[in-house]
Amino acid sequence: MKALFLTLISCIALTANAQKLPSVQKVNLRAPSNIKIDGKPAEWGAMQAYNNATEVSYTIANDDKNLYLTIQAKERRIINKIMNGGVQLAINPTGKKITPDMVRITYPTFEKGQRPTLNLSAQVTDGLSPDAQRKLADSLTNINNGKMVKSAKYIKVHGVSGMDTLVSIYNDEGVKAAALIDDKMVYTYEMAVALKHLGMDANKGTKFFYNVKLNPMEFADIPGINVAKAADGTILSININSNIAKPYSAATVATDFWGEYQLKGKSN
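Those letters in the sequence shown? Residues -18 to -1, 1 to 250, per mature numbering (1 follows the signal peptide of the UniProt record, and there is no 0), in order.
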């Protein structure tokens, strides 16, 4: 119980820190020189904003070649929402918010039937030594991350000329994404998009609108809901455990926010 209590205290502290942040990032940032798109947030430090509508913390930054988005989620239902619907970054350098040809990048994207089920439950570790607690947390983290790395192999792309709408995470076309969960069950999502795909130059200080959207969970993917289907896809029955499903009701609706960012060059 002590370990669980300490975990709860840690979560409360993280929430309190998030409440001090602006809802939309207010500064323009040069990305760290040692950045690597691997789902590990060490080079970023604290996130720059906490958005209440989506319940994620985030940082947007750039260097001379890429635009970067890093997101962190701590709530189990939000992590599940991301894993089921993905996060879409939409970018419009035209000075308008929405145009049909704006660039939209979505990750994670799964092949049909390959979406993993993660264990995000708190672990009660009464009676375990600190070393045993650490090993348990590491084991759970490794299992979750192994599932994600194995399954989250694709990035959905819209509005980038000459690029397929579905690309591998191992592509060399200038769109990268990765995500991992740490031993405190914090989900970190990283994305990089080459500025050449956006028609922007960091040293010209281009301003643009961006939109971050958490796509909704599919009804059948909500924990506590079991949908039985025939071979042709016809729904035969739906069983709902409301005690399990109720906390996820908000996850069936897309949430998003808009921001404005100006690329930061070496001299501006």
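From the three backbone atoms N, C-alpha and C, an ideal C-beta is built for every residue, glycine too.
query = Contact between the segment 168 to 175 and the segment 53 to 66: three or more CB pairs below 8 Å?
reply = The segment 168 to 175 vs the segment 53 to 66: in contact.
query = How many angstroms separate the CA atom of residue 112 from the CA atom of residue 118?
reply = Using only the alpha carbons, I get a separation of about 10 Å.
task = Following the continuous beta strand (DSSP E) through residue 219, name the residue where it begins and the one where it ends.
result = That run of the beta strand (DSSP E) goes 217 to 222.
inquiry  = Please classify residue -14 as buried or exposed, where buried requires at least 16 neighbouring CB atoms within 10 angstroms.
reply    = Annotation note: pLDDT 46 at residue -14 (below 50); position unreliable, coordinate value reported separately. Exposed is the call here.
request  = Return the first residue and the last residue of the alpha helix (DSSP H) that residue 188 is part of.
outcome  = Careful: residue 188 lies outside any alpha helix (DSSP H) and carries neither H nor E.
Candidates 93, 129, 185, 233: closest to residue 47 by CA position = Selected option, being the one with the closest Cα: 185.
query = When we look at the beta-carbon of residue 67 and count the other beta-carbons within 10 Å, is it buried (16 or more) or exposed?
reply = It is buried - the Cβ of residue 67 has at least 16 other Cβ atoms within 10 Å.
inquiry  = In whole angstroms, give me the CA-to-CA distance for residue 51 and residue 97.
reply    = Separation of residue 51 and residue 97 (C-alpha to C-alpha, rounded to the nearest whole angstrom) is 23 Å.
inquiry  = So residue 189 and residue 242 are supposed to be a Cβ contact under 8 Å. How far apart are they, rounded?
reply    = Right, the Cβ-Cβ distance comes to about 7 Å (below 8 Å), so this counts as a contact.
Three-state secondary structure assigned by DSSP to residue -18 = Because the pLDDT of residue -18 is 48, which lies under 50, any placement of that residue in the model is unreliable, and the question is left without a value.
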